[in-house]
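Below is one structure, written out as C-alpha cells; comments come after it.
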Amino acid sequence: MSIEPTLAQPDLHIHWQGEGAPLMLLHGWGMNGAVWQEMASELVALGFRVGAVDLPGFGHSGALPQTTLSGLAHAVLAAESEPVHLLGWSLGGLVATQAALMAPQRVRSLVTLASSPCFQAGPDWPGIKPEVLAQFADQLALDLPRTVERFFALQAMGSPSAKADVRQLKAAVTARPQPAPSALADGLTILASADLRLQLNQLTMPWLRLYGRLDGLVPARTVSQVDALAPQSQSVVLAKAAHAPFISHRADTLAQLKRFYLSH
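Going by the UniProt record's numbering, the sequence shown opens with residue 1, and the numbers climb by one from there.
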C-alpha cells in the first residue's frame with residue numbers, strides 16, 4: 001500500500017542521533033520527544049539511527065488542522081523515506097500500530113510500550129473509564145496547564161518511584177514548547193474512540209508488547225486479551241513498573257528491547 005500525502009502535512013521535528021537503520025520513538029499524550037532523552041543514547045548503542053519524534057502539535061512540531069489517528073501515522077511515515085523500526089509509548093504505541101497496519105512494508109519492527117489497541121474501557125475490556133477521558137476533555141478548555149499536570153501524575157500512578165518519575169517527565173516535557181490545545185483535544189478524542197483490536201492479526205512484522213504490571217491506564221488484564229488477538233506478537237510484563245517503565249525501570253526496559261532487537 002502506498003502512502004498518500006495528507007492535504008496538510010506538518011514538518012515533524014525529529015531529533016536524530018547515531019547511524020544505522022532508523023528507529024523512530026513516538027511519545028504519549030501531552031508529552032514530546034524529549035521524554036526519550038535518557039533512552040535514546042542506549043538505543044544508539046544497539047546500532048540504530050534513533051529519531052525522537054515530536055508528534056504533530058507537540059514540542060517543536062506544528063499541529064494538524066484536525067488530528068486523526070491515521071493523520072498522525074501518515075505524518076510519521078512521511079518523515080522518513082526508508083523502512084523504519086517503530087517504538088511507541090502509550091498514545092505513540094497506538095500511532096505506531098496504525099502506521100504498521102497502513103504500510104506494513106514500511107515498518108521493519110514494532111514495539112508498543114504501555115500501550116493498547118483500545119484505550120477506553122468497555123464491556124469485558126479493561127482500560128480508561130469513559131468518564132475519566134470526558135473529564136479531561138472538559139478540563140482542557142478550562143485549565144490546560146493543570147490538566148496536563150494531572151495527567152503527569154496519572155502516568156506514574158502505581159510506580160514505586162512516582163514522584164521522581166513525574167519530576168523527570170515534567171522536566172523533559174517543559175523544556176520544549178507547550179502542546180497545542182487542539183492537538184491535546186484531538187489526542188483525547190483518539191484515545192476515546194480508536195479501536196484496532198480486530199486488525200491486530202494482520203500484523204506480520206516482529207512485534208514486542210511491553211507492559212507495566214502496576215499500570216493504571218493500560219491494566220495488566222489486557223495483556224492476555226491482546227495475546228489472543230495477536231498471537232504472533234511477544235508480550236512482556238515488567239512486574240514493578242507502571243505506565244512509564246522506560247523512566248521508572250529503564251534498565252529492565254532496555255534489557256527487553258536489546259533482547260528483541262538482537263534476535264531479529
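We treat Cβ as the ideally placed atom computed from N, Cα and C, and that holds for glycine.
Requested in this report: For the region 229 to 239 and the region 202 to 212, state whether three or more C-beta atom pairs, one from each stretch, are separated by less than 8 Å.
Outcome: Yes: at least three Cβ pairs fall under 8 Å.
Query raised in the report: With a Cβ-Cβ cutoff of 9 Å, do Leu55 and Ala75 count as a contact?
Result: On the sequence shown, position 55 is the one that residue 55 refers to. On the sequence shown, position 75 is the one that residue 75 refers to. Against a cut-off of 9 Å, the Cβ pair of Ala75 and Leu55 comes out as a contact.
Query raised in the report: From Gly50 to Leu43, what distance separates their C-alpha atoms?
Result: Counting from one through the sequence shown, the residue named residue 50 turns up at place 50. Counting from one through the sequence shown, the residue named residue 43 turns up at place 43. The sequence shown places Val at residue 50, not Gly. About 7 Å.
Query - Three-way DSSP call (helix, strand, coil) for Ser193 in this model - result: Reading the sequence shown from its first residue, position 193 is the one you call residue 193. If DSSP states are grouped into helix, strand and coil, Ser193 belongs with the helices.
Report task. Classify Leu254 as helix, strand or coil using the three-state DSSP reduction. Result -> Position 254 of the sequence shown, counting from 1, holds the residue named residue 254. Helix.
Query raised in the report: Which of the three DSSP states, helix, strand or coil, is assigned to Asp11?
Result: As a position in the sequence shown, residue 11 is number 11, starting the count at 1. Asp11 falls in the coil class under three-state DSSP.
Query raised in the report: Who are the near neighbours of Glu80 in its chain, counting only those whose CB is closer than 6 Å to its CB and skipping five residues on each side?
Result: Locating residue 80 in the sequence shown gives position 80, counting from the first residue. Around Glu80: Pro22.
Report task. Alpha carbon to alpha carbon, how far is Gln202 from Ala73? Give it in angstroms, no decimals. Result -> As a first step, residue 73 must be located in the sequence shown, where it is residue number 73. As a first step, residue 202 must be located in the sequence shown, where it is residue number 202. Near 17 Å, if we compare the C-alpha coordinates of Gln202 and Ala73.
Report task. Find the nearest neighbour of Gln120 within the set Leu110, Val111 and Leu133, judged by alpha-carbon distance. Result -> One-based indexing of the sequence shown puts residue 120 at position 120. Considering only alpha carbons, the answer is Leu133.
Query - Proximity winner among Trp125, Ala244 and Phe136, relative to Gly92 (alpha-carbon distances) - result: One-based indexing of the sequence shown puts residue 92 at position 92. Looking at the Cα atoms, Ala244 is the closest of the given residues.
Query raised in the report: What first and last residue would you give for the alpha helix (DSSP H) that runs through Thr112?
Result: Position 112 of the sequence shown, counting from 1, holds the residue named residue 112. Counting along the chain, no alpha helix (DSSP H) covers Thr112; the unbroken beta strand (DSSP E) around it starts and ends at Val107 to Leu113.
Query raised in the report: How long is the line joining the alpha carbons of Thr189 and Ile128, rounded to whole angstroms?
Result: Translated into positions along the sequence shown, residue 189 becomes position 189. Translated into positions along the sequence shown, residue 128 becomes position 128. Using only the alpha carbons, I get a separation of about 13 Å.
**Report entry** Reduced DSSP category for Trp36 - H, G, I as helix; E, B as strand; rest coil
**Finding:** Locating residue 36 in the sequence shown gives position 36, counting from the first residue. Look at Trp36 here: in three-state DSSP terms it is helix.
Query raised in the report: By Cβ distance, which residues of its chain are closer than 6 Å to Phe246, with the 5 residues on each side in sequence left out?
Result: By one-based count along the sequence shown, residue 246 stands at place 246. Its chain contains Met39 and Thr253 as the residues whose beta carbon lies nearer than 6 Å to that of Phe246, once the 5 sequence neighbours on both sides are disregarded; these appear in chain order.
Report task. Mind checking which residues open and close the alpha helix (DSSP H) that includes residue 313? Result -> An answer regarding residue 313 cannot be provided, because it is not within the stretch 1 to 264 covered by the chain.
**Report entry** Span of the beta strand (DSSP E) around Ser224
**Finding:** Here residue 224 corresponds to residue number 224 of the sequence shown, with the count starting at 1. Careful: Ser224 lies outside any beta strand (DSSP E), inside the alpha helix (DSSP H) at Thr222 to Leu229.
Report task. For Gln105, count neighbouring C-beta atoms within 10 Å of its own C-beta (all shown protein chains included) and say buried if the count is 16 or more, exposed if not. Result -> Position 105 of the sequence shown, counting from 1, holds the residue named residue 105. By the neighbour-count rule (16 or more Cβ atoms within 10 Å), Gln105 is not buried but exposed.
Query raised in the report: Any C-beta of chain C sitting closer than 9 Å to the C-beta of Arg108?
Result: In the structure shown, chain C cannot be found, because there is only a single protein chain.
**Report entry** Rounded separation between Ser61 and Phe260 - CA only
**Finding:** Position 61 of the sequence shown, counting from 1, holds the residue named residue 61. Position 260 of the sequence shown, counting from 1, holds the residue named residue 260. Near 30 Å, if we compare the C-alpha coordinates of Phe260 and Ser61.
Requested in this report: Return the CA-CA distance between Gln17 and Ala228, expressed in angstroms with no decimal places.
Outcome: Taking the first residue of the sequence shown as 1, we reach residue 17 at position 17. Taking the first residue of the sequence shown as 1, we reach residue 228 at position 228. Each residue's Cα considered, the two are about 37 Å apart.
Requested in this report: Leaving out five residues on either side along the sequence, give the residues of the same chain with a beta carbon under 6 Å from the beta carbon of Pro219.
Outcome: Counted from its first residue, the sequence shown places residue 219 at position 219. Only Pro126 meet the Cβ criterion.
Query raised in the report: The beta strand (DSSP E) with Ser70 in it runs from where to where?
Result: Your numbering for residue 70 matches position 70 in the sequence shown. It is not in any beta strand (DSSP E) - Ser70 instead sits in the alpha helix (DSSP H) that spans Leu69 to Ala78.
Query raised in the report: Rounded to a whole number of angstroms, what is the C-alpha to C-alpha distance between Ala8 and Arg213?
Result: The residue given as residue 8 occupies position 8 in the sequence shown. The residue given as residue 213 occupies position 213 in the sequence shown. Note that Ala8 scores a pLDDT of 46, beneath 50, so its modelled location is shaky and nothing firm can be said.
Query raised in the report: To which residues of the same chain is Leu77 closer than 6 Å at the C-beta, ignoring the five residues directly before and after it?
Result: Your numbering for residue 77 matches position 77 in the sequence shown. If we look at Leu77 and ignore the five residues flanking it on each side, its Cβ neighbours are Ile3, Ala99, Ala103 and Arg106.
Report task. Tell me, to the nearest whole angstrom, how far the beta carbon of Trp29 is from that of Gly187; I am working on the premise that it is less than 8 Å. Result -> Translated into the one-based positions of the sequence shown, residue 29 becomes position 29. Translated into the one-based positions of the sequence shown, residue 187 becomes position 187. The Cβ separation is near 5 Å, so the contact holds.
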